[in-house]
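Q: I am attaching a structure below and will ask some questions about it afterwards.
As structure tokens, then:
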């Protein structure tokens with residue numbers, strides 16, 4: 145088993161381009177299945193009946209979303225074994241994913257976003273943090289995409305940024321004037337962080353767009369913490385996360401008339417169905433427009449009054 149896991153690890157990282165966190169998660173799920181299977185038939189751990197028992201045990205310990213994620217990882221593992229000729233057919237074929245409760249993403253109002261963007265004041269890294277939040281809201285990129293962004297990915301002539309998403313898939317996204325101005329205000333501080341790191345005898349970080357106090361690449365966890373703190377500082381009642389800014393980006397675009405396909409491209413979604421969840425959060429907005437504009441709506445003009 146160890147040699148299979150090592151080869152699977154390499155395939156995920158090199159050929160599929162998965163992130164280290166995703167690879168570790170997939171390997172953990174395969175190990176969990178293997179440990180369960182050895183209690184049944186160690187000589188043939190991939191029997192469908194064994195897998196059904198394993199999936200049944202998962203339902204007793206995990207929520208539906210976790211079970212679905214584990215099954216996705218295992219399906220990828222068995223596809224790998226098929227490609228390598230280790231098995232003839234996927235033993236998970238015919239085992240359905242659990243029914244998931246539709247998740248409606250949380251998002252901020254436009255006013256809340258403006259309050260958040262104005263929150264950085266005289267903090268030491270206020271210019272950097274302002275640039276981070278402006279860029280997240282302007283592009284809708286994931287926090288993992290933001291922290292992996294290099295300064296060379298920005299094209300100020302076209303106002304575009306190259307974003308490397310899941311599976312190392314690249315997309316080009318516009319970032320707008322507000323984000324551009326915030327980035328230019330941050331750059332002198334970035335330069336001083338690079339210079340300070342070199343002065344301490346460490347190799348300077350020349351590529352990373354956003355740096356921490358040590359002059360090295362900022363982590364996703366650090367971005368999550370600072371945005372949460374600014375959300376509290378701004379008095380926003382809901383918990384503010386980088387993903388909430390991504391949801392707000394998509395929701396506000398749709399409210400202003402952007403079509404679903406365009407939003408799909410900007411977000412880097414492979415499937416349009418993933419983007420369609422944002423149409424649900426627009427219903428209140430659409431209802432307000434309908435009530436204000438339709439002559440027979442509750443708030444519309446009475447058509448008999450003329």
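Numbering (our numbering), first residue to last: 145 to 450.
Every residue gets a Cβ at the ideal spot worked out from N, C-alpha and C, and that includes glycine.
#1: Go ahead and pull the three-state DSSP assignment for residue 166.
#2: Using the beta-carbon count (16 or more within 10 Å), is residue 269 buried or exposed?
#3: Buried or exposed: which applies to residue 384, given that a residue is buried once 16 or more other Cβ atoms fall within 10 Å of its Cβ?
#4: Taking all protein chains shown into account, do 16 or more other C-beta atoms lie within 10 angstroms of the C-beta of residue 381, making it buried, or fewer, making it exposed?
#5: Quick one: what does DSSP say residue 150 is sitting in, helix, strand or coil?
#6: How far does the alpha helix (DSSP H) with residue 318 in it reach, from first residue to last?
#7: Residue 385 lies in the beta strand (DSSP E); which residues open and close that run?
#8: Compare the Cα-Cα distances from residue 308 to each of 324, 301 and 291 and report the closest residue.
#9: In three-state DSSP terms, what is residue 363?
#10: Assuming the contact rule is C-beta atoms closer than 8 Å, residue 392 and residue 300 should be a hit. Round their C-beta distance to whole Å, please.
#11: Could you tell me the alpha carbon to alpha carbon distance between residue 224 and residue 358, rounded to whole angstroms?
#12: Based on DSSP bridge pairs, tell me the residues matched to residue 294.
#13: When you compare the CB positions of residue 161 and residue 312, do they come within less than 8 Å of one another, or not?
#14: Quick one: what does DSSP say residue 308 is sitting in, helix, strand or coil?
#15: Any heavy atom of the ligand ATP inside 7 Å of the beta-carbon of residue 320?
#16: Does the count of Cβ pairs from the stretch 315-323 and the stretch 270-288 closer than 8 Å reach three?
#17: Determine the contact status of residue 163 and residue 217, defining contact as a CB-CB distance below 8 Å.
#18: Could you give the residue range of the alpha helix (DSSP H) that holds residue 233?
#19: Would a C-beta distance cut-off of 8 Å place residue 305 and residue 287 closer than the cut-off?
#20: Quick check on this structure: which residue in 375, 397 and 201 has the alpha carbon closest to the alpha carbon of residue 261?
#21: Would you grab the beta carbon distance between residue 131 and residue 254 for me? Rounded to a whole angstrom, and I think it's under 8 Å.
#22: Relative to the C-alpha of residue 257, which candidate in 378, 155, 342 and 222 has its C-alpha closest?
#23: Determine which residues share a DSSP beta bridge with residue 299 and list them.
#24: Does the Cβ of residue 295 have 16 or more other Cβ atoms within 10 Å, making it buried, or fewer, making it exposed?
#25: Who are the near neighbours of residue 264 in its chain, counting only those whose CB is closer than 7 Å to its CB and skipping five residues on each side?
#26: Rounded to the nearest angstrom, what separates residue 166 and residue 435 at their Cα positions?
A: Per the coordinate set shown:
#1: Residue 166 sits at position 22 when you count from the first residue of the chain shown. Under the three-state reduction of DSSP, residue 166 is assigned to helix.
#2: The residue labelled residue 269 in the question sits at position 125 within the chain shown. By the neighbour-count definition (other C-beta atoms within 10 Å, threshold 16), residue 269 is a buried residue.
#3: Indexing the chain shown from 1 puts residue 384 at position 240. By the neighbour-count rule (16 or more Cβ atoms within 10 Å), residue 384 is buried.
#4: Position 237 of the chain shown holds residue 381. So residue 381 counts as exposed.
#5: On the chain shown, residue 150 is found 6 positions in, with the first residue counted as 1. Helix.
#6: The count along the chain shown starts at 1 and reaches residue 318 at position 174. Taken as a continuous stretch (DSSP letters only), residue 318 belongs to no alpha helix (DSSP H), being part of the beta strand (DSSP E) at 314-318.
#7: Position 241 of the chain shown, counted from the start, is the residue given in the question as residue 385. For residue 385, no beta strand (DSSP E) segment is defined, and its DSSP state is neither H nor E.
#8: In the chain shown, the residue the question calls residue 308 occupies position 164. It is 291 whose Cα lies nearest to the Cα of residue 308.
#9: As a first step, residue 363 is located in the chain shown; it is residue number 219 there, counting from the start. Here DSSP, grouped into helix, strand and coil, assigns residue 363 to coil.
#10: Taking the chain shown and counting its residues from 1, the one referred to as residue 392 is at position 248. Taking the chain shown and counting its residues from 1, the one referred to as residue 300 is at position 156. Contact doesn't hold; Cβ gap of about 24 Å is too wide.
#11: As a working mapping, residue 224 is identified with position 80 in the chain shown. As a working mapping, residue 358 is identified with position 214 in the chain shown. Those two C-alpha atoms are separated by around 41 Å.
#12: Taking the chain shown and counting its residues from 1, one reaches residue 294 at position 150. DSSP lists 352 as partners of residue 294.
#13: What you label residue 161 is simply residue 17 of the chain shown in a count that begins at 1. What you label residue 312 is simply residue 168 of the chain shown in a count that begins at 1. Judged by their CB atoms, residue 161 and residue 312 are nearer to each other than the 8 Å cut-off.
#14: Start at 1 with the first residue of the chain shown, and residue 308 comes out as number 164. Strand at residue 308.
#15: Judged by which ligands are present, the structure shown has none, so any question about the ligand ATP falls away.
#16: By the Cβ criterion, the stretch 315-323 is in contact with the stretch 270-288, since at least three pairs of Cβ atoms, one from each stretch, lie closer than 8 Å.
#17: For the purposes of this step, residue 163 is taken as residue 19 along the chain shown, with counting starting at 1. For the purposes of this step, residue 217 is taken as residue 73 along the chain shown, with counting starting at 1. Inclusion of residue 163 and residue 217 in the CB contact set at 8 Å is not warranted, their separation being larger than that value.
#18: The sequence position of residue 233 within the chain shown is 89, counting from 1. Here residue 233 belongs to no alpha helix (DSSP H), and DSSP marks it neither H nor E.
#19: For the purposes of this step, residue 305 is taken as the residue at position 161 of the chain shown. For the purposes of this step, residue 287 is taken as the residue at position 143 of the chain shown. Their beta carbons are not under 8 Å apart, which means residue 305 does not touch residue 287 by this criterion.
#20: By 1-based counting over the chain shown, the position of residue 261 is 117. Nearest option by C-alpha distance: 375.
#21: The structure shown has nothing for residue 131, since the chain only spans 145 to 450.
#22: Along the chain shown, read from residue 1 onward, the residue named residue 257 stands at position 113. Nearest option by C-alpha distance: 378.
#23: Counting from one through the chain shown, the residue named residue 299 turns up at place 155. According to DSSP, residue 299 bridges with 304.
#24: Residue numbering aside, residue 295 sits at position 151 when the chain shown is read from its first letter. Burial call: exposed.
#25: As a working note, residue 264 is residue 120 in the chain shown. Excluding sequence neighbours, residue 264 sits near 270, 273, 274 and 374.
#26: Translated into positions along the chain shown, residue 166 becomes position 22. Translated into positions along the chain shown, residue 435 becomes position 291. If I take the Cα positions, the gap works out to 46 Å.
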